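Sequential numbering of the sequence shown, starting at 87, is according to this note's numbering.
Virtual Cβ for every residue (Gly too), placed ideally from N, Cα, C.
Bear in mind the structure is a predicted one, so any value in this text is a computation, not a measurement.
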Amino acid sequence: PIEDIEAALDKARYKYEVYSSEWEKLLIKSGNSRSDGASAVGVWAGPGTGSAPTSKSRNMGNAVTGIFSKHKGTVQENLERMGKEAEVKVKLPKILASVMSLIEEVDECLKWSLGKYAYAYECAVLADALTLKPSNGDPGMMEMIEDIDSKTDLDNFLRFTAHQSGRVDRTSIPYKEYEMSPIARTYANPKTIFGVPLATQVERDGHAIPLIIVKCTKASGQSSQVARLRNEFNLDADNVDLQPSANAADINNITSVLKMYLRELPGGLIPHPHRDTLLGMFPTQENMVNVVVCTMRALPRMNVEILNYLVAHLDKVQAFQEFNMMNSENLGIVFGPTIIPSGDDPVNAAMDIRRSAKVVKFMLDNRRAIFELL
87 PIEDIEAALD KARYKYEVYS SEWEKLLIKS GNSRSDGASA VGVWAGPGTG SAPTSKSRNM
147 GNAVTGIFSK HKGTVQENLE RMGKEAEVKV KLPKILASVM SLIEEVDECL KWSLGKYAYA
207 YECAVLADAL TLKPSNGDPG MMEMIEDIDS KTDLDNFLRF TAHQSGRVDR TSIPYKEYEM
267 SPIARTYANP KTIFGVPLAT QVERDGHAIP LIIVKCTKAS GQSSQVARLR NEFNLDADNV
327 DLQPSANAAD INNITSVLKM YLRELPGGLI PHPHRDTLLG MFPTQENMVN VVVCTMRALP
387 RMNVEILNYL VAHLDKVQAF QEFNMMNSEN LGIVFGPTII PSGDDPVNAA MDIRRSAKVV
447 KFMLDNRRAI FELL
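In structure tokens:
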């Protein structure tokens with residue numbers, strides 16, 4: 087039907103164009119022949135009849151022109167109306183047909199997807215059901231759960247294991263004490279040195295000079311590194327290695343550990359009764375070498391050995407003072423309060439620090455004269 091309507095519309099448009107063209111030709115032809123017709127009529131009409139045919143032809147042309155002008159707008163409106171009707175009758179059905187086709191296609195896809203989902207869901211439910219209760223009569227999950235007997239299962243397992251392994255001759259297994267690794271043994275039995283009396287360290291470790299002093303003075307130190315070195319020395323001083331770059335990168339770490347060890351010695355390296363004697367010899371005492379020697383002789387032998395070792399090392403340090411800027415005065419300032427700690431009186435603390443620095447400086451300047459007499 088749509089194709090027939092389009093064909094009829096094309097025929098009507100063609101006829102309209104043909105009729106319009108013929109109508110226009112007739113109008114032009116009638117206008118051109120109007121003057122010729124008037125003269126011809128005058129010839130055969132004779133005298134007295136020349137004006138009547140001419141006015142009649144003019145009236146007929148005006149009437150035709152008026153009719154055409156009157157119906158010209160109506161024809162245009164009819165054409166527009168026919169075009170809109172054709173658009174509604176032709177294009178709209180095509181659009182609706184395309185939409186309906188798309189809807190039907192979507193419906194088919196949705197039906198297929200829902201059918202596939204329903205099948206998969208049904209298979210899953212069926213699999214779960216067969217797991218719980220098989221259709222072939224085999225025991226399902228419920229029966230297996232009901233048949234669980236922990237005591238019987240344990241007895242069967244032990245009986246099976248004993249049967250498979252056979253008898254074990256326990257008399258042939260000798261007793262052997264478990265030996266821990268060196269690292270584990272170190273953590274299980276740490277050899278603490280910080281805050282431990284010198285006599286206890288010497289008796290336990292068998293070293294006349296504590297290893298921390300030996301290693302810190304032989305190695306060529308930030309608070310985290312000092313704490314790490316302190317923990318390593320507390321665990322086992324024998325296994326501490328200060329040569330790797332991680333330890334030797336900053337000598338301040340090692341110096342700080344050594345000073346911390348000396349500060350935490352119970353009673354100090356020079357106990358308080360003898361400390362007062364050394365601090366009191368400045369600035370009035372004249373023969374200070376004899377005073378220092380007499381004070382040293384009153385100390386325990388292990389303290390004297392440590393002092394001799396430490397002062398000898400500091401003497402080596404000051405030998406390179408042009409490079410390290412550590413002369414006897416600077417070394418006394420650094421190690422004086424550590425070797426000879428100040429008293430408990432905060433009023434005299436500043437004075438004690440200055441005097442202890444002078445005592446250490448005096449020991450460095452007169453090391454040979456002092457320690458050769460001991």
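Should serine 121 be labelled buried (16 or more other beta-carbon atoms within 10 Å of its own) or exposed? Here the model assigns serine 121 a pLDDT of 46, short of 50, so the residue's position is not dependable, and the following value carries that caveat. Result: exposed.
Would you report the Cα separation of glutamate 103 and serine 184, rounded to the nearest angstrom? 34 angstroms
Tell me where the alpha helix (DSSP H) around glycine 422 begins and ends. 414-425
What residue range does the alpha helix (DSSP H) around methionine 374 cover? 374-383
Only counting the same chain, and skipping five residues up and downstream in sequence, which positions put a Cβ closer than 6 angstroms to that of glycine 422? Ser442, Ala443 and Val446
For threonine 341, does the three-state DSSP call read helix, strand or coil? helix
Rounded distance between the beta-carbons of valine 378 and leucine 364, thought under 8 angstroms: 7 angstroms
Please look up how many angstroms separate the CB atoms of leucine 385 and histidine 358, rounded, as I've assumed it's under 8 angstroms. That pair is no contact at about 12 angstroms.
Could you tell me the distance, in whole angstroms, from the CA atom of lysine 219 to the CA atom of lysine 262? 56 angstroms
Look at the Cβ atom of isoleucine 298, then the Cβ atom of isoleucine 279, and state whether they are nearer than 8 angstroms. yes
For aspartate 96, three-class secondary structure by DSSP: helix
CA-to-CA distance, tyrosine 105 to serine 143, given in whole angstroms: The pLDDT assigned to serine 143 is 49, lower than 50, so where the model puts this residue is not dependable; a value taken from the coordinates is nonetheless given after this. Spanning the two alpha carbons is a distance of roughly 23 angstroms.
Could you give the C-beta distance for glutamate 462 and isoleucine 295, rounded to a whole number, given that I count them as a contact under 8 angstroms? The chain is shown only over 87 to 460; residue 462 falls outside these bounds and no answer can be derived.
Span of the alpha helix (DSSP H), counted from its first residue to its last, around histidine 293: Premise fails: histidine 293 is in no alpha helix (DSSP H) and is neither H nor E.
Taking valine 397 and arginine 454 to be in contact with their CB atoms under 8 angstroms, please state how far apart those CB atoms are, rounded to whole angstroms. Actually they are not in contact, since the Cβ atoms of valine 397 and arginine 454 sit about 10 angstroms apart, beyond 8 angstroms.
Euclidean distance between Cα positions of tryptophan 109 and serine 187: 48 angstroms
Minimum C-alpha distance to methionine 374 - residue among Pro283, Val312 and Asp451: Asp451
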